[in-house]
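Residue numbers (the UniProt record's numbering): 1 to 109.
Ideal placement from N, C-alpha and C gives every residue a C-beta, glycine not left out.
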């Protein structure tokens, strides 16, 4: 089997790769299994139906499996997550400042 882990924002690269593999003699008898992740059990059936329809529209034959994973985010003071948020906020502010400066410079010229 060719196991494909569905990544929504990959532009279909993994789907294309699985189809390309099937063109090779050593993979031509393989079946494709698509694994996707749902955060809630209530979302699982809808996600499975959506992915199956998408694959049908692409004329791809694959078996779809939905894995339910609940993410519990714990935020404690001083954790790496807080540091990442601070770094993002700082970088975002620098971009805003730079764009403001560029706009002002363009208006002067």
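Is the separation between the beta-carbon of residue i and that of residue j shorter than 8 angstroms?
i: residue 34; j: residue 58; result: no
i: residue 31; j: residue 1; result: yes
i: residue 14; j: residue 4; result: yes
i: residue 68; j: residue 91; result: no
i: residue 52; j: residue 66; result: no
State the Cα-Cα distance for the pair residue i and residue j, rounded to the nearest angstrom.
i: residue 29; j: residue 16; result: 17 angstroms
i: residue 87; j: residue 93; result: 10 angstroms
i: residue 110; j: residue 27; result: This structure leaves residue 110 out entirely; the chain is present only between 1 and 109.
i: residue 23; j: residue 100; result: 52 angstroms
i: residue 109; j: residue 102; result: 11 angstroms
i: residue 61; j: residue 89; result: 44 angstroms
i: residue 95; j: residue 7; result: 29 angstroms
i: residue 39; j: residue 12; result: 21 angstroms
i: residue 46; j: residue 36; result: 12 angstroms
i: residue 85; j: residue 25; result: 48 angstroms
i: residue 42; j: residue 19; result: 30 angstroms
i: residue 97; j: residue 104; result: 11 angstroms
From the DSSP output, read off the bridge partner residues of residue i.
i: residue 3; result: 33
i: residue 66; result: 36
When the cut-off is 8 angstroms and only beta carbons count, does residue i lie next to chain C?
i: residue 108; result: No chain C appears in this structure, which consists of one protein chain only.
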